[in-house]
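Notes follow the structure.
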Amino acid sequence: MDILSLFITVPVITILALVFTRGLKQARIVSMIGSLVQFGMAINLVFAYFKERAVNNDIMVFTKDVVWFKEFNIHYTIGVDGISVTLLLLTAIVVLAGVFISWKMKDLPKEFFVSLIVLSIGVYGFFISLDLFTMFVFFEIAVIPMYLLIGIWGSGPKEYSAMKLTLMLMGASAILLVAILGIYFNSNADGGALTFNILEIAKVNIPFEVQKLFFPLTFIGFAVIGALFPFHTWSPDGHASAPTAVSMLHAGVLMKLGGYGVFRVAMYLLPEGAQHWSWFFIILATIGTIYGAFSAIKQTDLKYINAYSSVSHLGMVLFALLMLNKTAWNGAILQSLSHGFMTALFFALIGMIYERTHTRDVTKLGGLLKVIPFISVIYVIAGLASLGLPGFSGFVAEMNIFVGAFQHEDLFYRVATIVSVSAIVVTAVYILRVVGIMLMGPVKNEGFLTLERVTWYEKLGILLLLIPIVGMGVAPLWLSDMILDSLQPFIQGVL
Amino acid sequence: MNFSSIILIPLIPLAVFLLLGIFNKKIKPLASGYIGVAGLLVSTLLSINTAYHYFFVYGKSDGVYQTFVEKTVWMNFTDTLAIDMGVQIDPISVMMLIVVSIVSLMVQIYSRGYMKGDDGYTKFFAFLALFSFSMYGLVLATNLFQIYIFWELVGVSSYLLIGYYYTKPSAVSAAKKAFIVTRFADLGFLIGILIMGYYTGTYDFETLNNPEGSAILNWASTSFMGLSVLTWALILIFIGGAGKSAMFPLHIWLPDAMEGPTPVSALIHAATMVVAGIFLVARLFPMFYFVEEGFALNIVAYVGAFSSLFAAIIAITQTDIKRVLAFSTMSQLGYMMLALGVSGYEGHEGLGYMASMFHLFTHAMFKALLFLCAGSVIHAVHSNYLKDMGGLRKYMPITNITFLIAALAIAGVPPFAGFFSKDEILVAAFEHNKLIYFIGIFVAGLTAFYMFRIYFGIFWGKDTKYEQKPHESPLSMTFPLLFLALLSIIGGFIPFSEFVTADKAGFEAHINYPLAAVAVGVGLIGIALAWVFYKKENDLADKMVNFFGPLYQWTYDKFYFDEIYLFITKKILFNRVSAPIAKFDRKYVDGTMVGIGNKTVLASEKIKGMQSGKVQDYAFAFVAGVVIIALVFIYLWTS
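Residue numbers (the numbering used here), protein chains in the order written: chain A, 1 to 495; chain B, 1001 to 1639.
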C-alpha cells in the first residue's frame, strides 16, 4: 500500500473496527487509536515528503494512478505537494483533537464516531486527489455526513440548520459538477484525449471563451464551502447547531476544501478565466472580509461570533488567492492552516464553556477567568492569535496576504487591500469585546463558582491545536518556504 | 561586537516569562519576584556592558559611531523581500537598552513591595518579563517588520497589564480601549510599512536610512496626490508612532491606562513603551529629514507641539494624581516629538534630535520616579484623588523628598536632569521655528505649575485626617525611589551630544544662557503660582475655577474627546454599521437563500398533486396528451 492510499485505508479500517465496538468506552478508544495512527502517518508524511523532494523534482510526488472508469477516463490519481502535505497534517491534528473533545459523547457514540471518520475520509481523499472526478466524489463524501452529524447530534434548530447547510452545499456541488464537466469536455482542446487529470489538463490551452464561462462556476462551486459572501449564511446556523467536534472539523478542515479547490482547480486549470474574473470576486471577497468582521461585533452567541469571524478570515483566503501571486498565495495557504487550527481551538473551547455553563450567550457569561482559568487563558490566547498578534500563526499568514496584495499597483487593488487590512482593527474589537465580557469582569453567576475544572482529555485536545498555532507563529520559515517551493509551478501556469 | 551577549538581553526576560507563565501555579510568589528581578538584573548588566563596549571600547571609527547589525531571515515574502530578525547596535538602540533596563529593574524591585500579597503576584512578574522582552526586541530591531512585530507585542503586554485587575470593569474597558486605539494607529503603521516595502524594496533601517541610498535619493520617483509615496508612508508610520506615544488625537487611551497597577504605569505608560513612537521617528530620522525636504517631519513637529500644549492644559485641572501624571507624560512626549520635528541632520543642526533623545532619557528617569512616588502615596492612603491627600510630608519623608526632586527635574530647574534636556529642546525650537518655541516655553511654565500643584496638594496643603495613619513604604519600594532620584539629579550632566546624534558623529553642546534663563524663569513663575495657590489651604483655587467657569469644565472633561470617540464607536460604528450589517445578513442575505428553498418547497407542493395515484387522473392526462400531440401534428401537417 502506498503512503497516500493509507490515508483512506486506515479510516476505513477504523470504521470497520468501530462497527464491532460496544458503548462509548470502546468506541472512543478505537477512534482515538485510528486517529493517532493517522496523526503519526501525517507527521511521517512531512518527513517523507522532504526526503522525496530532495531527489524528486516533479510537481507532485508519491503519485499513483489506477484506472477507475475506463469509458470516461476517470482515474484514481493521487499525489501530493508541499501544500497538500500541510493540509493533510492539519486534518489529522484536528480529527485527533476532535476525538479527544468528544470523549464524553453519550448519544449513539459508535454512530457518531463513524460519521466523523467518514467525513475525514472525504477530506483526506480530497486533498490527495489529482483527478477531478475522484476529487469531486471525495468532496461529496465529506459533505454528506455533515447532514447526519448536525441533524442527529446537534442542538437548537438542528434539522433546519442541517437542511440549510446541506442544501446550500449541494447546490454549490451541482454548479461545481457542471464546471468540472465543462473542463473535462474541453480537456482535448489541444487534440489529446478527454481527461480528468489535473496535471494533464493544466498543460492544455483551454480556449479563453471556455475559461471565461467555467471559471465563475468553478469558483463559486468551491467557494460556497469557503464561506464566500453572499453564500456564507449556511455557516453561522450550521455551526451553531453542530456538536463541538463537528464544528471543529467543519470550520477547521471542511471549509478549507473551498480555498484549496479554488486554488487547485479554478486557478490552476483556468488561469485566463481567473485573470478575467478576478476583479469581480475580489469585490466579493473584500466585502466578506470586512462584512464578516462587522457582523461578528454584534453577535451574542459565541458560535455565531466564531462563524462570522470565519467568514472574515476565509474571505481573506479567497482574497489572497485572487491576487494571483506567490506571496499572496502563500498567505492564502498559511491562512487556511492558521484558521484551521485557530477556529477548531475556538470551537473546542466554546464547547467546553457550553458544557459547563449551559449557555453560549456572552451576555450571560462573565468572570470566567476566575473560575475556569485554563480554558479562559487559552481562549485569550486563541483570541490574540485570531486578531493577528505576532508570535501566532495568524500574523504570519496575514502579512503574506497583505504584502502579496500590495504587489498590485492600480487603485482598485490598493483600495481593496486597504479595506481588507482594516479588518485587523475590527477583528480586535470583536475579540476583545468577548474577552472583556465573558472572561474578565466580576463573576456573573453564583453557579459559575463550582464549574468543573479542565480535564486531561480536554487539555490534550487544546494543546494539540495550540502547539501548531504557536509553532507557525514563532518559526514560520520552514513551512512558508515549503509552500513557496510548491507554488512555483502553479504560479508559472498563471502568469 | 559581542552579539551572543546582546542577544541574551531580550532572551532572558523571555525565558523568565515562559517559566513564570507556564509554572504559574507551582512557583511560590516570593520566588517569582526573585526570579523576575534576577533575570532583569542580568539583562541590565549586559546592557551596561554593551553600552560601555560600544561607546568606549569600540568608540568612533571614521569620526562616527558605527552601526553593527546581525540578523537572520525569519520569513521570506518574495525573492527580495523578507522579514529578518536580528539586533542592530547603534547609539539610540544602546541608549534605549540602558533606559529600558534601568527602569524595568527598578520597577520590578519596587513591585516586590507594592504587589505584595496580591493574588496574581507570579502572573504580574510574568507579564512584566514579557513586556521587557518585547521592548528589548523593539529597540534592537533591524527592520520595519521586526519593529512592528515587537510593537504589537509591547501593545499586548500593555493590554494584559492594564487589565491586570480584570475583575474591575473599568480596568477591563481601559485595557480594551488602549489596545483598540493603538491597533487603529497600527493600521496606519502597517500600511506605511507595506508602501515603504513596495516602493523601496527593503524594510531594513540601514538601507532605508542611508542618505546616499536609493530610498532617500529616489524619493520623488513615484507620487500620489501631489506627495511622494514615501512621504505618505512616513506619515502613516508616524500615525503608528503617534498612537503608541499618545499624540493628539490618539491620546485618549493613555489616561485610562492608569487603571493598571502603578508600577505598570511607571514602566510602560511613562518611561518605556510610550516613547516607542519617539524612538520610531528617531529610528527613521534620515528618511523623515531627507524625503520631500522633511514634509513629514513638519507634521511631526506640529503634532508634537500641539499635543504638548493640549495635555499640559488638561493636566492642570485633573484631580486624580495618576491622571495628572498621565497628561504630563503626554505633554512631555509632545516635547520630544517637537524636538525631533525641528531638528536638522548634521552637526549642531541636529540639536533637536539629540535633545529629544536626551529628554527621552532624563524623562524616563524622573517620570518613572514620579509614578513610583505616586504609587507609594496611593499605597499609603488608598486613594488616587488629591482630595484624600495633604500634609503627607510628615509621614513619608523619603517619598516627599524624591517626589520633590522629580518635580524640580520636570519643571526644568537647574541642576536637575530635566533642565539640561529641556533647555536643548527649547534652543533647537528657537533656532528653527519661533512659534513652536513659544508653545514650548508656555508649556514649560504650565508643567512647573501643575506638577507643583500636585506636589503641594499631596505633601503640604490641608492636614487631612487619616483613618489609618499613613507610613513610609518599605525599603523595596523606597530604594528604587532613591536610585531614580539620584539619576534625576546627575542624569543631566551626561554629555549626551557626544554620544547620541542624528549623524552619529557627535558635537559639543553648550548651554545657551539667555534662553536657559528665560526657561528657568518661566518654570519658577509656575512654581511660585502653585505655591500661592496650593501651599496652604485657601480658596484661591476655587475662585479661579469659578472665574473660568465653563472653560474649566471643558478642560476638566478633557475637551470631551472620550465622548467624541464613544459617539463614533458606539453610536456610529456599532449601531449604525455593525448592527445593520448583522441584521441585513440575517434578513436579506440569508432571507434570500431561505426564500429560494421555500419557493422550491412551494413549487413542489403545487405540482405534487399530479402524482395522485388515481387511475382516472392518469387516464385523463393520457388522453389529453394524445389529443394535444395529435392537434400539434395536424397543425404542423397542414401548414
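Where is the CB? At the ideal position from N, CA and C, for every residue including glycine.
Since this is a predicted model, take the numbers as computed values, not measurements.
Mind checking who residue i pairs with in its DSSP beta bridge?
i: Asn197 of chain A; result: A:Asp131
i: Leu1236 of chain B; result: Leu1236 of chain B is not bridged to any residue.
i: Ser1223 of chain B; result: B:Ser1228
i: Lys1060 of chain B; result: B:Tyr1065
i: Asp65 of chain A; result: A:Thr77
i: Asp361 of chain A; result: A:Asp301
i: Asp1320 of chain B; result: B:Tyr1385
i: Asp1204 of chain B; result: B:Asn1143
Can you tell me whether residue i is helix, strand or coil according to DSSP?
i: Gly1086 of chain B; result: strand
i: Trp234 of chain A; result: helix
i: Gly1595 of chain B; result: helix
i: Glu1070 of chain B; result: strand
i: His75 of chain A; result: strand
i: Ser1639 of chain B; result: coil
i: Val246 of chain A; result: helix
i: Tyr1385 of chain B; result: strand
i: Asp1562 of chain B; result: helix
i: Asp1557 of chain B; result: coil
i: Asp58 of chain A; result: coil
i: Thr1272 of chain B; result: coil
i: Trp103 of chain A; result: coil
i: Leu1392 of chain B; result: helix
i: Leu1309 of chain B; result: helix
i: Gln407 of chain A; result: coil
i: Glu970 of chain B; result: Here chain B comprises residues numbered 1001 to 1639, so residue 970 of chain B is not present and cannot be evaluated.
By alpha-carbon positions, which one of the options ends up nearest to residue i?
i: Gly98 of chain A; options: A:Met248, A:Ser295, A:Phe346; result: A:Met248
i: Phe1189 of chain B; options: B:Phe1279, B:Phe1452, B:Ile1237, B:Phe1358; result: B:Ile1237
i: Phe1548 of chain B; options: B:Tyr1289, B:Leu1227, B:Thr1317, B:Tyr1560; result: B:Thr1317
i: Glu446 of chain A; options: A:Lys364, A:Leu460, A:Tyr354, A:Leu18; result: A:Lys364
i: Asn1512 of chain B; options: B:Pro1397, B:Asp1423, B:Ile1564; result: B:Asp1423
i: Phe185 of chain A; options: A:Ser120, A:Val114, A:Pro207; result: A:Pro207
i: Val1107 of chain B; options: B:Asn1546, B:His1382, B:Thr1600, B:Gly1375; result: B:Gly1375
i: Val204 of chain A; options: A:Asp190, A:Phe346, A:Val210; result: A:Asp190
i: Val262 of chain A; options: A:Gly473, A:Leu322, A:His75, A:Ile8; result: A:Leu322
i: Val1291 of chain B; options: B:Leu1333, B:Trp1554, B:Glu1212, B:Phe1327; result: B:Glu1212
i: Leu389 of chain A; options: B:Phe1003, B:Thr1231, B:Phe1145, B:Ala1368; result: B:Phe1145
i: Ser1134 of chain B; options: B:Thr1262, B:Leu1019, B:Leu1030, B:Ala1276; result: B:Ala1276
i: Ile1216 of chain B; options: B:Thr1200, B:Lys1176, B:Glu1152, B:Met1225; result: B:Thr1200
i: Ile1102 of chain B; options: B:Ser1132, B:Ile1092, B:Thr1080; result: B:Ser1132
i: Leu270 of chain A; options: A:Leu318, A:Val210, A:Leu228, A:Gly259; result: A:Val210
i: Ala1380 of chain B; options: B:Ile1458, B:Val1229, B:Ser1043; result: B:Ile1458
i: Gln1332 of chain B; options: B:Ala1444, B:His1432, B:Asn1400; result: B:Ala1444
i: Met472 of chain A; options: A:His276, A:Phe341, A:Gly226, A:Ser295; result: A:Phe341
i: Lys370 of chain A; options: B:Tyr1289, B:Met1365, B:Tyr1164, B:Lys1060; result: B:Tyr1164
i: Ala1505 of chain B; options: B:Tyr1345, B:Gly1120, B:Ala1129, B:Gly1021; result: B:Tyr1345
i: Gln1553 of chain B; options: B:Leu1309, B:Ile1314, B:Ser1245; result: B:Ile1314
Which whole-angstrom value describes the C-beta separation of residue i and residue j, a residue pair presumed to lie in contact below a C-beta threshold of 8 Å?
i: Phe392 of chain A; j: Leu384 of chain A; result: 7 Å
i: Leu465 of chain A; j: Ala307 of chain A; result: Actually they are not in contact, since the Cβ atoms of Leu465 of chain A and Ala307 of chain A sit about 18 Å apart, beyond 8 Å.
i: Thr1122 of chain B; j: Asn1024 of chain B; result: 5 Å
i: Met1258 of chain B; j: Lys1322 of chain B; result: 4 Å
i: Ala1407 of chain B; j: Met1451 of chain B; result: 5 Å
i: Ile1405 of chain B; j: Val1522 of chain B; result: So it is not a contact: roughly 20 Å between Cβ atoms.
i: Ser1476 of chain B; j: Gly1113 of chain B; result: 4 Å
i: Gly441 of chain A; j: Pro1169 of chain B; result: 6 Å
At a cut-off of 7 Å, would you count residue i as near the ligand ADP, judging by its Cβ distance to the nearest heavy atom?
i: Ile1006 of chain B; result: What this structure holds is no ligand at all, so the ligand ADP is not there to describe.
> Whole alpha helix (DSSP H) runs in the segment 1457 to 1540 of chain B with 4 or more residues, listed along the chain?
Replying inline: Listed in chain order, the alpha helix (DSSP H) elements of length 4 or more contained wholly in the segment 1457 to 1540 of chain B are 1475 to 1490, 1496 to 1499, 1513 to 1534.
> Which residue spans inside the segment 1076 to 1143 of chain B form an unbroken alpha helix (DSSP H) run of at least 4?
Replying inline: Counting whole runs of 4 or more residues, the segment 1076 to 1143 of chain B contains the alpha helix (DSSP H) stretches 1091 to 1114, 1121 to 1140.
>> Restricting to runs no shorter than 3 residues, where is the beta strand (DSSP E) found entirely within the segment 1140 to 1182 of chain B?
In response: DSSP runs (the beta strand (DSSP E)) wholly in the segment 1140 to 1182 of chain B: none.
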